[in-house]
Structure formats: structure tokens, C-alpha cells
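Participant: Handing you this structure, nothing more for now.
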Amino acid sequence: MHKTSPHRNQRLADQIQRDLAELIPRELRSPSLGLITLQSIELSPDLAHAKVFFTVLGAEPETAQKALQEKAGYLHSLLFKRLHIHTVPTLHFHYDSSVEHGIEMSRLIDQAVDSDRKDENT
1 MHKTSPHRNQ
11 RLADQIQRDL
21 AELIPRELRS
31 PSLGLITLQS
41 IELSPDLAHA
51 KVFFTVLGAE
61 PETAQKALQE
71 KAGYLHSLLF
81 KRLHIHTVPT
91 LHFHYDSSVE
101 HGIEMSRLID
111 QAVDSDRKDE
121 NT
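Using full-length UniProt numbering, you'd call the opening residue of the sequence shown number 1 and step up by one each time.
What follows is the structure, given as C-alpha cells:
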């Protein structure tokens, strides 16, 4: 068994992300899914599995994740045709809540700054 280089893994992850970003809106055409944005791809060292992290606007994350997971096999087959590599990783979709957490943290910081300003003015 030979190990793949980390640079190759990153290039492959980037290519999978680009291809999926193109395929998902075309193949999962449903207004109930909202706007799905791919955040990142993490490949297992043996390239057998890919964790696909996404965010969604205009839909429930659980609904989008269920739809993506249901189409994972189909998307895998489309990737196989595009990538021309021996093993295309099995896709596992995960909702990435870090954007929501960032927005909430920013809101809390703004609230704390406003509170400090009010305290200084009294």
C-alpha cells in the first residue's frame, strides 16, 4: 500500500469541491433545498471517503443534508466520469454550522461593545 502525498490529496479535494459545486445546483433542482454552498472537503488518507461540509440559505439544514445524502451515490457516479481516477471517494455530507456561530459571535460582540458605550456615557 503506498501513501498519497498531502498535496495530491488537497488538489483532489479542491477538484471534488469545484465539480460538486457545479453538479449540485444542476442535479438537485428543488426550491425547497435553498442555496447550498460547499465550504470544504476532507479526504480520508486512503481517499476512500470524503466529508463534504456545506452551508445552506433558505432551507432547513436537515432537509438539505437528507437530499444531498440521498443523491450521494448519483453524485459519486457523476464525479467518477469527470475525475478519471481509479477510486472516487464515497461522499458524506455534513452541515457546517461555523458560519452561523460566527454570525452569532459577531452579534454578541457588537452587543457587548454597545453596552460598554452606554455604560461609559452614563
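Yeah, the Cβ is synthetic: ideal placement off N, Cα and C, and Gly gets one too.
Could you pull the DSSP bridge partners for F54 from this structure?
Facilitator: The partner list for F54 (beta bridge, DSSP) reads L38, Y95.
Participant: One question on the structure: do L50 and P25 come within less than 8 Å of each other, judged by their Cβ atoms?
Facilitator: The residue you asked about is not Leu; residue 50 is Ala in the sequence shown. It is not a contact, given that the beta carbons lie outside the stated cut-off.
Participant: Across which residues does DSSP place T63 in a beta bridge pair?
Facilitator: T63 is not bridged to any residue.
Participant: What are the partner residues of L23, as DSSP defines its beta bridges?
Facilitator: Bridge partners of L23: none, in fact.
Participant: Have a look at T87, I16, E62, R107 and flag the residue whose alpha-carbon is nearest the alpha-carbon of S32.
Facilitator: Minimum Cα distance to S32 is reached at E62.
Participant: For the stretch 96–105 against the stretch 68–79, are there 3 or more C-beta pairs whose distance is under 8 Å?
Facilitator: Not touching, per the Cβ criterion.
Participant: Can you have a look at V113 and say buried or exposed, based on whether 16 or more other CB atoms are within 10 angstroms of its CB?
Facilitator: The residue is exposed, with fewer than 16 neighbouring Cβ atoms inside 10 Å.
Participant: Looking at the strands, I want to know which residues DSSP matches up with H49.
Facilitator: DSSP, once it has assigned bridges, lists T90 as partnering H49.
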